[in-house]
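This report concerns only the one structure given below.
There are 2 protein chains.
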Amino acid sequence: MTKELPSILNKRVVIEGVTPEIDSGRYPIKRVVGERVVVEADVFTDGHEALSCELRYRQHGANAWEAVPMQPLVNDRWHAEFTVTQLGSYTYTIQAWLDHFKLWAGYLVRRLEVGQDVSIELLIGAGLVDDTLSRITAHKDVANDAVSLADYAEKLRSDPETAIQAALSDELSALMLRNADKDGGITYDRELDVVVEPVRARFGAWYEFFPRSCWEKDCTHGTFKICEDRLPYIKELGFDVVYLPPIHPIGHTRRKGKNNNVVAQADDVGSPWAIGSELGGHKAINPDLGTLQDFTRFVQKAAKLGMQVALDIAFQCSPDHPYVKEHPEWFKMRPDNTIQYAENPPKKYEDIYPFDFDTTHWREMWAELLSIFEYWVGQGITIFRVDNPHTKALRFWQWLIASIKAQHPEVIFLAEAFTRPKVMYYLAKIGFSQSYNYFPWRNSAWELTEYFTELTKTDVKEFFRPNLWPNTPDILHESLQNGGRPAFMSRFVLASTMGASYGIYGPAYELCVNTPIAPGKEEYLDSEKYEIKHWDVGRADSLKTLITRVNKIRHDNPALQSNDNLRFYTTGNEHLLAYSKATNDLSNILLVVVNLDPEATQSGLIELPIEELGINPFAPYLVQDLLTGTYFEWSGSHNYVELNPHVLPAHVLLIRGTK
Amino acid sequence: MTKELPSILNKRVVIEGVTPEIDSGRYPIKRVVGERVVVEADVFTDGHEALSCELRYRQHGANAWEAVPMQPLVNDRWHAEFTVTQLGSYTYTIQAWLDHFKLWAGYLVRRLEVGQDVSIELLIGAGLVDDTLSRITAHKDVANDAVSLADYAEKLRSDPETAIQAALSDELSALMLRNADKDGGITYDRELDVVVEPVRARFGAWYEFFPRSCWEKDCTHGTFKICEDRLPYIKELGFDVVYLPPIHPIGHTRRKGKNNNVVAQADDVGSPWAIGSELGGHKAINPDLGTLQDFTRFVQKAAKLGMQVALDIAFQCSPDHPYVKEHPEWFKMRPDNTIQYAENPPKKYEDIYPFDFDTTHWREMWAELLSIFEYWVGQGITIFRVDNPHTKALRFWQWLIASIKAQHPEVIFLAEAFTRPKVMYYLAKIGFSQSYNYFPWRNSAWELTEYFTELTKTDVKEFFRPNLWPNTPDILHESLQNGGRPAFMSRFVLASTMGASYGIYGPAYELCVNTPIAPGKEEYLDSEKYEIKHWDVGRADSLKTLITRVNKIRHDNPALQSNDNLRFYTTGNEHLLAYSKATNDLSNILLVVVNLDPEATQSGLIELPIEELGINPFAPYLVQDLLTGTYFEWSGSHNYVELNPHVLPAHVLLIRGTK
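Residue numbers (the working numbering), protein chains in the order written: chain A, 3 to 661; chain B, 3 to 661.
Written as structure tokens, this is what we have:
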């Protein structure tokens with residue numbers, strides 16, 4: 003019976019508890035170019051045996067593994083790291099092996115310390131060197147090592163002094179490690195993946211606006227041409243991504259009027275999310291906005307200013323969409339031969355036909371939907387905001403994103419996944435680069451602390467990158483409705499400093515628009531979704547100055563460009579939230595304090611672990627509020643802060659470093 | 003390209019976050035016969051779709067799955083459970099499917115509530131019933147269901163009143179659920195295992211003693227025959243398992259003398275762990291103890307009294323072991339042609355040869371070692387205490403335990419895994435039923451709370467069953483050395499009430515032997531490992547009465563027979579540890595309070611969540627100390643406790659139920 007035992011059974015090293023590893027390797031972790039992957043694992047063997055292990059990694063498609071020796075921490079935990087430098091994907095795993103030579107060398111030292119006779123031990127060591135030699139002599143590329151090892155084997159059999167000196171030499175250790183019988187060891191049974199995306203997938207400020215609305219005096223319907231002139235404003239405010247709601251032809255049938263009225267007037271422009279008309283569908287452009295040429299010129303103009311344009315892809319059709327006629331099999335047919343509109347009974351959304359992901363023609367439908375992304379990538383778009391991905395088959399996105407990224411690893415996908423937590427995280431696991439999240443509804447200090455601890459201090463940080471939006475065309479949270487300008491300021495500072503990625507829906511945000519359609523509702527009154535708005539972005543009470551300042555601070559301070567370095571501090575005041583972000587090397591440390599009460603001045607004692615931050619606890623130190631330029635002299639770990647929301651509800655304090 | 007898309011991609015349900023699941027299913031969970039397996043999982047789909055799911059399980063070897071419908075908890079979490087009734091192993095997994103009918107029925111209710119016209123909806127429902135009908139008609143075993151479904155399809159197409167009544171009927175829901183297209187759904191991609199062991203694997207009191215020592219006046223060397231007369235004493239004390247150190251012939255070469263002296267005197271009996279002589283090895287019996295017949299008679303006598311005998315298997319050889327001559331290839335040879343003895347430099351253990359698990363003849367060696375267990379199983383032994391399993395190849399145990407259990411699922415393995423945490427847990431994962439653990443070194447209230455929370459409130463509880471030993475022949479902790487009788491009492495109560503399994507090394511324990519070989523050492527002075535001791539178990543100061551009382555309480559109160567029901571409470575006094583154990587149905591609740599200070603009376607207020615325990619917060623209630631029989635009248639959640647260690651350092655309070 004034992005004759006058939008596979009030799010794996012006799013491998014004496016165990017590798018487990020590998021981190022990062024998402025759902026036992028089902029899903030990749032995410033990184034951006036230049037980031038580190040810190041890998042740890044429990045690696046152990048029986049008894050007193052010694053082992054060595056290494057982290058192995060390679061870019062997707064590469065044949066050879068790169069190897070990094072792992073270092074022991076405590077409690078059988080080992081550690082190593084590597085940096086991802088190329089877009090695409092990497093794989094990593096761990097190899098470990100019994101290291102008889104390391105055990106022997108360690109024991110030899112202990113024997114010598116108590117003066118034991120080691121003559122036999124030295125011969126055992128020579129035997130270990132012999133074994134290595136005879137194993138490697140077949141390989142020409144280690145001929146030099148073989149010569150050196152043969153020399154050491156001889157020395158170990160020489161007079162005691164020579165032998166002991168040889169046994170304890172670092173060179174022999176290095177030679178034996180380099181030529182260890184690694185393949186006689188064990189390799190972790192999973193190869194774990196890293197998806198590597200552009201830095202913009204982690205760090206960026208987004209500005210959403212409706213191109214059809216008017217910012218200019220002589221405008222009746224915005225166009226891409228007109229919008230070109232808005233780009234310098236957006237650039238001046240410091241944004242990195244210009245995000246447009248759907249730009250396609252809008253349906254006529256059952257078009258919604260102003261304020262989502264079920265009856266539209268003749269001059270109502272309809273919702274950009276009711277996609278498709280006789281003029282075309284998801285690959286067409288609403289002619290009221292201009293031509294494809296106008297659009298690409300707009301995109302190029304943005305690029306010249308250092309900004310990227312993000313498109314909104316919403317997979318749903320107006321009843322007038324060409325797909326409805328060409329592919330009725332992609333929609334659900336009712337017994338009365340009408341197509342099933344969207345609904346959430348008793349609510350009906352009759353201007354929208356959802357795709358039927360249960361269709362037996364799903365393969366053809368998926369291919370067509372993929373081609374929509376491919377089309378816009380072909381027009382130079384590399385960032386997509388995906389509308390309600392959670393209402394489409396989830397694995398469809400896994401396939402679609404993988405298909406796009408196989409050719410275009412630079413493409414970034416933002417999921418508008420305002421849904422249940424498990425589904426939101428799942429969409430991130432299966433490929434979305436970023437996600438909307440519960441930030442709009444996390445307003446108190448404890449809610450923000452709890453939620454952002456989950457996002458940044460658990461496994462979630464490995465696959466889920468939050469993009470923080472204090473408002474959207476659909477969400478005007480009551481904190482903004484009731485808190486007015488102070489709330490718009492504090493929520494802006496929170497979004498832009500807690501999140502490496504954040505966005506606002508403007509100009510409604512910088513102009514502090516805060517009237518809901520009805521009390522207790524989150525929708526805007528006279529929502530821009532259903533009508534052309536006229537915005538005066540030059541208004542004196544605009545938040546433009548604050549936004550410009552904060553975006554510059556974000557660009558100047560690398561600490562604000564990551565998420566997982568977020569750390570909260572006690573303030574002794576439930577209205578006062580304090581948190582820091584620091585670079586790994588502590589060369590750049592920012593402390594943000596926000597008064598969450600839009601009505602009253604709040605004060606508290608911020609408690610900092612100053613020694614961990616590299617601050618001398620016995621000397622005063624200067625901190626500078628980057629929002630105002632003011633310096634404060636602080637000392638020790640507890641310092642007083644007072645914030646008047648009607649002046650400025652936040653400090654963004656530079657404790658040390660860049661700026 | 004999309005033509006080749008596998009249909010799994012189009013499955014719309016996701017199953018993840020399954021618990022229990024150890025290391026992504028690499029290792030089984032453990033249960034004993036009659037225990038429940040509570041399974042939970044995150045199961046979700048896109049959008050507003052409805053799903054149903056079920057837990058499936060089967061005994062190893064069975065063809066058909068048993069199915070239990072899962073119930074939704076909150077946040078996309080689903081729950082179901084099953085009970086394991088047979089020794090051996092079970093497998094479980096989860097199946098989930100989109101439930102269009104459930105969605106339709108739920109929507110119908112909402113439509114009716116607002117008075118929507120549902121005539122088309124009723125036809126859609128009839129279509130769903132038709133679909134089910136046409137799918138199931140091939141199966142004869144659901145002929146009755148088919149008739150009923152056809153009837154419902156007709157009713158749904160009938161007048162509105164009849165149709166609506168049919169649509170909302172529970173019977174139709176049940177029919178549709180029972181005949182759902184489950185195989186059109188998705189099955190979790192892992193089948194997870196449960197190893198089912200005898201109840202004794204979870205619950206038992208162990209008594210270890212050296213059979214060669216003398217408890218009787220006319221004894222010079224104990225024998226199995228003499229030991230038969232000790233069994234009633236052990237039974238009277240209430241123990242379930244009688245555990246003997248190795249019973250094999252003891253080597254002569256380099257035999258250790260008294261107090262581990264490297265030079266033995268002629269009359270020194272040697273350590274039972276120096277196994278093997280010319281009289282035989284691991285399958286032989288030390289003739290000084292008797293014959294195999296004597297041994298089996300002893301085992302049968304114990305069985306008659308309701309106790310099991312556990313043998314100690316220590317895989318190591320004295321230089322005189324027959325294996326050394328017959329299989330020198332199983333040991334490590336040194337360059338001077340001597341066999342490598344055990345060592346931990348600079349310490350040498352020259353009376354012991356370890357097996358060389360690196361030998362190329364490992365398959366033959368493993369087979370022989372397995373045959374040792376098989377031999378003793380053949381002699382009626384079903385419990386083994388395995389000596390230092392962590393110093394043998396770890397995967398060897400995985401194979402060995404699986405091999406034994408394939409034929410004898412009733413066999414229990416206790417690992418003497420006094421080693422690093424990761425290795426200790428790994429040995430449990432790969433098959434050991436129980437394990438020694440850090441209990442001997444966890445003495446303060448916070449240490450005990452922290453450690454037993456880890457053991458009973460994390461995944462560890464699924465695979466690791468602690469066996470709590472306040473002493474062993476190798477471990478006389480300083481708390482016992484310094485604390486004397488009060489410490490022996492409190493540590494006994496802790497072991498026997500925190501652990502469903504516990505053991506003592508007696509008679510040293512009940513006689514409170516507490517002199518170490520040297521200050522700061524944990525070894526006993528004049529250790530029984532190296533000499534024959536004479537014990538007077540009838541001494542008046544023996545802990546016999548306490549032990550007898552506690553073991554009876556353990557047998558009478560099912561709450562004390564599990565581990566994962568342990569719960570700690572605050573006492574306001576760092577010397578006072580309070581914890582409860584309750585049965586799931588709260589019919590049996592015990593509260594244990596232990597004074598950990600062996601010198602002074604300690605008091606505190608025990609804080610209980612009495613409403614969770616089913617106690618009326620507005621009325622006084624009686625609690626009874628089962629150790630003394632005394633009743634106390636308590637009221638509310640805070641009650642005063644005071645314990646004098648010189649009288650009795652513990653309360654074992656029955657709050658409710660059995661006794």
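No residue lacks a Cβ here, since even glycine has one placed at the ideal position from N, Cα and C.
Check	Outcome
Identify the continuous alpha helix (DSSP H) that holds Asn553/A and give its terminal residues.	Lys546 to Asp558
Between the stretch 89–106 of chain A and the stretch 139–151 of chain A, can you find at least three pairs of beta-carbon atoms closer than 8 Å?	no
Suppose you measure from the CA of Asn575/B to the CA of Arg658/B; what does that come to, to the nearest Å?	25 Å
Determine the extent of the beta strand (DSSP E) in which His653/B is found, giving its start and end residues.	Ala652 to Gly659
Are the C-beta atoms of His392/A and some chain B residue less than 7 Å apart?	yes
Between Lys546/A and Leu562/A, which are expected to be in contact by the criterion C-beta below 8 Å, what is the C-beta distance as a whole number of angstroms?	20 Å between Cβ atoms; not a contact.
For Gln118/B, go through chain A and note every residue whose CB falls closer than 7 Å to its CB, in chain order.	Pro348
Taking buried to mean at least 16 other C-beta atoms within 10 Å of its own C-beta, is Lys599/A buried or exposed?	Contrary to the premise, residue 599/A reads as Asp rather than Lys in this sequence. Label assigned to Asp599/A: buried.
Given a cut-off of 7 Å, decide if Ser273/B and Lys258/B are closer than it, judged by their beta-carbon atoms.	yes
Between Ile287/B and Asp296/B, what straight-line distance do the alpha-carbon atoms span, to the nearest angstrom?	10 Å
Along chain B, which residues have their Cβ under 7 Å away from the Cβ of Gly49/A?	His392 and Thr393
Tell me, which residues are paired with Gly505/B by DSSP?	Trp208/B
Can you check whether the C-beta of Ile2/B is within less than 7 Å of a C-beta belonging to chain A?	This structure does not reach residue 2/B, given that chain B is present from 3 up to 661, and the question cannot be answered.
Counting Cβ pairs closer than 8 Å, one from the stretch 402–409 of chain B and one from the stretch 422–435 of chain B, do we hit at least three?	yes
Check each residue of the stretch 411–433 of chain A: if its Cβ is closer than 7 Å to any Cβ of chain B, include it; give the result in chain order.	Arg422, Pro423, Lys424, Val425 and Tyr428
For the alpha helix (DSSP H) containing Phe375/B, name the first residue and the last one.	Trp364 to Gly380
Under 7 Å between beta-carbons, which chain A residues line up against Trp364/B? List them in chain order, please.	Asn12
Using the rule of at least 16 other Cβ atoms within 10 Å of the residue's Cβ for burial, across every protein chain shown, is Ala276/A buried or exposed?	buried
So, is Thr421/A buried or exposed, given that buried needs 16 or more other C-beta atoms within 10 angstroms?	buried
Bridge partners of Ala417/A, per DSSP?	Val388/A and Ser437/A
Phe205/A and Ala497/A: beta carbons closer than 7 Å?	no
Can you give me the start and stop residues for the beta strand (DSSP E) that Arg58/B sits inside?	Leu53 to Gln61
Between Tyr642/A and Ser605/A, how many whole angstroms is the CB-CB distance? I'm expecting something under 8 Å.	7 Å
Note down the Cα distance separating Val596/A from Leu607/A, rounded to an integer number of angstroms.	13 Å
Any Cβ of chain B within less than 7 Å of the Cβ of Phe205/A?	no
Closer than 7 Å, Cβ to any Cβ of chain A: which residues of the stretch 15–49 of chain B, in chain order?	Val16, Glu18, Asp25, Ser26, Asp44, Phe46, Asp48 and Gly49
With a cut-off of 8 Å, do at least 3 Cβ pairs link the stretch 384–393 of chain B to the stretch 314–322 of chain B?	yes
Considering only DSSP beta bridges, list what Lys32/A is partnered with.	Val197/A
Of the residues Pro162/A, Gln626/A, Trp217/A and Pro356/A, which one's Cα is nearest the Cα of Glu530/A?	Trp217/A
Since Phe300/A is in the alpha helix (DSSP H), which residue starts that stretch and which ends it?	Leu294 to Lys306
I want to verify the contact list: residues of chain B whose CB lies under 8 Å from the CB of Leu396/A, in sequence order.	Arg14, Val16, Thr47 and Asp48
If contact is defined by three or more beta carbon pairs under 8 Å, each pair taking one atom from either stretch, is the stretch 329–348 of chain A in contact with the stretch 405–420 of chain A?	no
Strictly below 9 Å CB to CB, what residues from chain A border Asn77/B?	Arg422, Pro423 and Lys424
I need the DSSP call for His141/A, collapsed to helix, strand or coil.	coil
Please report how far the alpha carbon of Pro475/A lies from the alpha carbon of Gly540/A, in whole angstroms.	21 Å
Over the uninterrupted beta strand (DSSP E) stretch that includes Asp627/B, give me the two end residues.	Tyr623 to Asp627
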